[in-house]
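To get the numbering used here, take the position in the sequence shown, counting from 1, and add 3.
These notes are about the structure you will find just below.
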Amino acid sequence: MDSTAPASDGIEGVRLNDSPGWHYLLHEFEALYRHGSAGGSKAIRSHRRKVRETLSSVVDGNPLVHPRPPETKPVTAHLHRAFDLGARTPMFGLSRALERISPLLTWEYGYAKVPPHLARKYAYCEVLGPRGPVVTERITLGFVLFAPRTTYPQHSHHDIEESYISIAGAWSENQLAVYAPGSLILNRPGEEHRITTGDDDPCLLAYAWVGPTDRLTDPGMKFSKARKRAEQGI
Ligand SMILES: [Fe+2]
4 MDSTAPASDG IEGVRLNDSP GWHYLLHEFE ALYRHGSAGG SKAIRSHRRK VRETLSSVVD
64 GNPLVHPRPP ETKPVTAHLH RAFDLGARTP MFGLSRALER ISPLLTWEYG YAKVPPHLAR
124 KYAYCEVLGP RGPVVTERIT LGFVLFAPRT TYPQHSHHDI EESYISIAGA WSENQLAVYA
184 PGSLILNRPG EEHRITTGDD DPCLLAYAWV GPTDRLTDPG MKFSKARKRA EQGI
């Protein structure tokens, strides 16, 4: 690292300790996985522990912060509404910390082919992982944003254990329950899941991916063959 580099977010070669916006965001993320209940689930308790211990260790190592060009997508027109909703919930710490650095976020789709209707209603941004902006090969953390009345098609993740924590808005997974801010959902490797959001508000979820480095680097995201049926609610 160039020790003469200015202490601000998103300057090439800067370390996390010189990037307060990213540092505070990860601090809030770690608190999210440290506090709160596992609901009696051993799998969730173990996942929470893995995420927070890996994250603490990465932060202690003062990783590089590589800037990525900020990018918006059509759905990011809903982002400020999501922050307004998040500010009213117990998730306000993470919501605020993300809002502070939102001009630096790189929103993307992550799929080679995105159906046009979904391209208007969904995007995600990574905040820590192999591609940065905070660089590590050990874990991926990010946020996904959905517009109201969205169905995010059926998919699964090879070798990756995924959790979502609701920050703002209500949603359901596999049409089986409705989740509110603070809820954590665990999707183990290979488990098929799809998301639907409510009629009136956007939905902002934080996510964590734990898995082998090669999968975190190249997750090979594809919708499942059952996508069409799922979109039709069958
Ligand atoms: Fe997923």
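For glycine and all other residues, C-beta sits at the position ideal for the given N, C-alpha and C.
For clarity, every value in this text was computed on a predicted model and none was experimentally measured.
Taking the CB atoms as reference points, tell me whether residue i and residue j lie closer together than 8 Å.
i	j	result
Ile142	Ala90	no
Phe146	Leu207	yes
Ser166	Leu187	yes
Ile71	Pro136	Correcting the residue identity first, residue 71 is Arg in this sequence and not Ile. Contact: yes.
Thr75	Trp25	no
Val130	Leu28	yes
His50	Val213	yes
Gly96	Ala34	yes
Ala100	Glu31	yes
Pro104	Tyr155	For clarity, residue 104 is Ile in the given sequence; the question names Pro instead. Against a cut-off of 8 Å, the Cβ pair of Tyr155 and Ile104 comes out as no contact.
Run through the DSSP bridge pairs and tell me what residue i is partnered with.
i	result
Glu164	Val213
Tyr155	Ile198
Ile142	Its beta-bridge partners do not exist; DSSP assigns none.
Gly132	Val138
Val181	Ser175
Arg18	Leu67
Thr109	Glu74
Any chance the CB of residue i is under 7 Å from a heavy atom of ligand 1?
i	result
Asn1	Since the first residue of the chain shown is 4 and the last is 237, residue 1 is not available in this structure.
His50	no
Glu129	no
Glu165	yes
His158	yes
His196	yes
Quiz prompt | Contact between the region 170-179 and the region 54-66 (3+ Cβ pairs under 8 Å) | solution = no
Exercise. Evaluate the contact criterion for the region 110-120 versus the region 174-183: three or more CB pairs, one atom per stretch, below 8 Å.
Key: no
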